[in-house]
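Trainee: Below you will find the structure I want to go over with you.
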Amino acid sequence: EATLYLSARVAALADGLVVVLADDLTASHRIEATRRDFVANVSHELKTPIGAISLLAEAVEDAADDPDAVRRFAGRMGIESARLADLVGQIIDLSRLQADDPLAEPQVVEIDEVLHDAVDRCRVDAEKRGVTLTLAGAHGAKVLGNLRQLGTAVGNLVENAVVYSDPGARVVVAAHTRAHAEDDDVEITVSDTGIGISPADAERIFERFYRVDYGRSRANGGTGLGLSIVKHIAASHGGRVAVWSQPGRGSTFTITVPAHLAQVRSTERVGSDE
Ligand code: ADP
Numbered sequence: 117e118a119t120l121y122l123s124a125r126v127a128a129l130a131d132g133l134v135v136v137l138a139d140d141l142t143a144s145h146r147i148e149a150t151r152r153d154f155v156a157n158v159s160h161e162l163k164t165p166i167g168a169i170s171l172l173a174e175a176v177e178d179a180a181d182d183p184d185a186v187r188r189f190a191g192r193m194g195i196e197s198a199r200l201a202d203l204v205g206q207i208i209d210l211s212r213l214q215a216d217d218p219l220a221e222p223q224v225v226e227i228d229e230v231l232h233d234a235v236d237r238c239r240v241d242a243e244k245r246g247v248t249l250t251l252a253g254a255h256g257a258k259v260l261g262n263l264r265q266l267g268t269a270v271g272n273l274v275e276n277a278v279v280y281s282d283p284g285a286r287v288v289v290a291a292h293t294r295a296h297a298e299d300d301d302v303e304i305t306v307s308d309t310g311i312g313i314s315p316a317d318a319e320r321i322f323e324r325f326y327r328v329d330y331g332r333s334r335a336n337g338g339t340g341l342g343l344s345i346v347k348h349i350a351a352s353h354g355g356r357v358a359v360w361s362q363p364g365r366g367s368t369f370t371i372t373v374p375a376h377l378a379q380v381r382s383t384e385r386v387g388s389d390e
């Protein structure tokens, strides 16, 4: 019974109930439990494409006399290898993010540049899917942070907005600065008129490997890691990510990060004095 209780607690940690249940666990126990859970998930997720590739290799051998079948199996091996490469790349991204926490050597990042890059990367896919992708501008927003990481975060959100939409949907990407007494906040929003997310799923989509509709997500080649990467990047910038959604109507994801205004301004001044 003791073992059962412990594993239930570990599972609950993975579900994001850390605050409720962690009062009797030390921080290192918590980190260890999360790490073990992650390793178990990674092994499971990697085994699927690897298993498929080895089955397909056998099928190619058996079908040596049938060039059409060989071509078909080879095509599927290509798809599974690409999926494996995606997974490995994202797992490496995630582990790097954890190691880099908090952000090393932040620089002034023009959010306009971040949004442009993210939108440009998704433009072809949006056109293919009949989704209108609009960049509504960043209104001069700047933050102290990491350009590559912010690009990855916004890119993941735009990619999802395009993928989880039907033809005719609209995706709008924008950023605004909200003034506060101490520091400004920069809000980056990615809105879509796509399929939307139920409230129960919305609570879980930022967990690693969580996918709402396994069939559709798998068909889209998703890994379930994109949003957990976004969450880590927002956190390493001292910010957060939130989602507002209505099933069938669409979703809006908002990354909010502090601008670290004083440092942004003084860095600018140093730049313009030179
Ligand atoms: P995936 O690689 O599956 O896209 P993510 O972590 O990026 O993984 O997203 C997790 C899940 O959240 C997706 O599988 C999808 O079901 C859901 N999701 C993410 N973004 C959207 C969106 N803009 N609209 C609807 N569902 C979304």
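Once you know that position 231 of the sequence shown is 347 in the UniProt record's numbering, the rest is easy, because the numbers rise by one and skip nothing. Glycine included, C-beta positions come from ideal geometry on N, C-alpha and C. Please read all numbers here as calculations on a predicted model, not as lab measurements.
Per DSSP, what are the beta-bridge partners of His292 in this structure?
Mentor: DSSP lists Glu303 as partners of His292.
Trainee: Hey, how far is the Cα of Ser361 from the Cα of Val288?
Mentor: Each residue's Cα considered, the two are about 15 Å apart.
Trainee: Looking at the structure shown, is Ile345 part of a helix, part of a strand, or coil, going by DSSP?
Mentor: Here Ile345 sits in helix by DSSP.
Trainee: Measure how close the beta-carbons of Ala269 and Ala350 come, nearest whole angstrom, since I'm counting them as under 8 Å.
Mentor: With a Cβ gap of about 7 Å, Ala269 and Ala350 count as contacting.
Trainee: Looking at Gly261 and Val373, is the spacing between their C-beta atoms short of 8 Å?
Mentor: Yes; because the gap between Cβ atoms is below 8 Å, this pair is in contact.
Trainee: In this structure, how does DSSP classify residue 84 when only helix, strand and coil are distinguished?
Mentor: Residue 84 falls outside the range modelled here, since the chain spans only 117 to 390, and no answer is possible.
Trainee: So which of Asp209, Ala316, Asn157 has the shortest CA-CA distance to Lys347?
Mentor: It is Asp209 whose Cα lies nearest to the Cα of Lys347.
Trainee: If you draw a straight line from the alpha carbon of Leu365 to that of Pro315, how long is it in whole angstroms?
Mentor: Contrary to the premise, residue 365 reads as Arg rather than Leu in this sequence. Between Arg365 and Pro315, the C-alpha separation is close to 13 Å.
Trainee: With 16 other CB atoms within 10 Å as the buried threshold, where does Gly271 fall?
Mentor: Gly271 should be labelled buried.
Trainee: Rounded to a whole number of angstroms, what is the C-alpha to C-alpha distance between Gln223 and Gln214?
Mentor: C-alpha separation (whole angstroms): 19 Å.
Trainee: Who pairs with Gln223 in a beta bridge, going by DSSP?
Mentor: DSSP lists Gly261 as partners of Gln223.
Trainee: Spatial neighbours of Val225 within its chain, please: C-beta separation below 8 Å, excluding the five flanking residues on both sides.
Mentor: Counting only Cβ-Cβ distances below 8 Å, and skipping sequence neighbours, we find Lys258, Val259, Leu260, Gly261, Asn262, Leu263, Leu266.
Trainee: Short of 8 Å in beta carbon distance, which residues of its chain neighbour Ser367, apart from the five on each side in sequence? Order them along the chain.
Mentor: Excluding sequence neighbours, Ser367 sits near Ala277, Tyr280, Ser307, Asp308, Gly310, Gly312, Ile313, Val359, Trp360, Ser361.
Trainee: Kindly indicate which three-state DSSP category Pro183 falls into: helix, strand or coil?
Mentor: Correct three-state label for Pro183: helix.
Trainee: Check Ser361 in the structure and name its three-state DSSP category.
Mentor: Ser361 falls in the strand class under three-state DSSP.
Trainee: Just checking Arg239 against the ligand NAD - is the residue's beta carbon closer than 7 Å to any of the ligand's heavy atoms?
Mentor: The ligand NAD is not part of this structure, which contains only the ligand ADP.
Trainee: Leaving aside the five residues before and after Ile169 along the sequence, list all residues of the same chain whose C-beta is less than 7 Å from its C-beta, in chain order.
Mentor: Taken in chain order, the residues that qualify are Met193, Glu196, Ser197.
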